[in-house]
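Residue numbers are given in this note's numbering: position 159 of the sequence shown equals residue 162, and the series is strictly consecutive. C-beta atoms are modelled at their ideal positions from N, C-alpha and C, and glycine is treated no differently.
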Amino acid sequence: MCRSDVKQAVLAKNDDLAASLREDLTRQGVTVVNLLSSPGSGKTELLGRVLARAVERDVPVAALTADLATENDAVRLARSGAPVQQVLTDGLCHLEARQVRGHLEGWLPADTAVLFVENVGNLVCPASYDLGETLRIVLMAVTEGEDKPLKYPTAFGSAHLVVITKTDLAEAAGFDEAAFLANLQRVNPGVETVRSCARTGDGVDTLLAHTLAARHAAPPHRPPLAPHPHGHHHTAAATTAP
4 MCRSDVKQAV
14 LAKNDDLAAS
24 LREDLTRQGV
34 TVVNLLSSPG
44 SGKTELLGRV
54 LARAVERDVP
64 VAALTADLAT
74 ENDAVRLARS
84 GAPVQQVLTD
94 GLCHLEARQV
104 RGHLEGWLPA
114 DTAVLFVENV
124 GNLVCPASYD
134 LGETLRIVLM
144 AVTEGEDKPL
154 KYPTAFGSAH
164 LVVITKTDLA
174 EAAGFDEAAF
184 LANLQRVNPG
194 VETVRSCART
204 GDGVDTLLAH
214 TLAARHAAPP
224 HRPPLAPHPH
234 GHHHTAAATT
244 AP
């Protein structure tokens, strides 16, 4: 069996496990949100603010956060008051559905409405793995460059929602938002964006509103590389032509 065949078999097995997990969690009334980004995007800090806002509003939320090592992010997120569990991948650069299921067993509170899964900081491998999510959100800091969607079309092309983070640094970083949005639309036409700043709280309520809306209906946007259940694809978006 060639390397490509092995990869497809691994992804197919993961998709089957993810579908089963999604069915089980849906029956329990749990909506899963998969958060993807590069390292240093500010994902953890923003998620902490969203969790804290949900707790303030008596919305039962929980979070799994994944890293190769340390439980630092779980400690940070737990300050929100929400139940949090760390997933240590022991060198694996992404989460898989089997890991998510394994960490939920015996831990996830019965009344959980939304489970946030903070994936490993990486825009390559995590983009190919369905985790049983209903909503896939890709985050990018203004310091990362306007052409990021073109460099990582699978990640951005599979997003139901894209969040621009650290907007308070946009002017200092020389971030060209119009160019970023144009590039994003080339790989994921029609996808909505949310501007956010964890420091000021900008975008926190909007992001929480999107996640709560996903509990009652399918995401309004279907990306060209839509993650399951609308169809999971493992090829890059053919949108690099000018």
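Under the three-state reduction of DSSP output, ASP208 falls in the helix class. A residue is called buried once 16 or more other Cβ atoms fall within 10 Å of its Cβ, and ARG30, having fewer, is exposed.
For ASP70, the uninterrupted beta strand (DSSP E) segment begins and ends at 64-70. For ALA201, the three-state secondary structure derived from DSSP is coil. The beta carbons of VAL207 and GLU136 sit no closer together than 8 Å.
Looking at the DSSP output, THR168 sits in a beta bridge with ALA144. Less than 8 Å divides the Cβ of VAL141 from the Cβ of PHE159.
Annotation: the continuous alpha helix (DSSP H) that includes PHE159 extends over 156-160. Within the same chain, and ignoring the five residues on either side of GLU147 in sequence, the residues whose Cβ sits closer than 8 Å to its Cβ are SER41 and SER44. Taking C-alpha positions only, SER199 is separated from LEU184 by approximately 15 Å. Under the three-state reduction of DSSP, GLU26 is assigned to helix.
Using a Cβ-Cβ distance cut-off of 8 Å, the stretch 70-81 and the stretch 98-108 are not in contact, since fewer than three pairs of beta carbons, one from each stretch, lie closer than that value. In this structure, LEU50 is the residue among ASN17, LEU20, LEU71 and LEU50 with its C-alpha nearest to the C-alpha of GLY204. Membership of LEU39 in the beta strand (DSSP E) is indicated by the continuous run 34-39.
If you draw a 10 Å sphere on the C-beta of PRO226, you find 16 or more other C-beta atoms in it, and that means buried. Around the beta carbon of PRO129, 16 or more other beta carbons sit within 10 angstroms, so the residue counts as buried. Within a 10 Å sphere around the beta-carbon of GLU99 sit 16 or more other beta-carbons, which makes this residue buried. Residues of the same chain with a CB within less than 8 Å of the CB of VAL62, apart from the 5 flanking positions on each side, are ALA116, VAL117, LEU211 and LEU215 in chain order. Counting only residues of its own chain and dropping the five nearest sequence neighbours on each side, ALA217 has a CB closer than 6 Å to the CB of THR34, THR137 and LEU138. DSSP links GLU121 through a beta bridge to LEU38 and THR68. DSSP places ARG139 in the strand class (E or B) of the three-state scheme.
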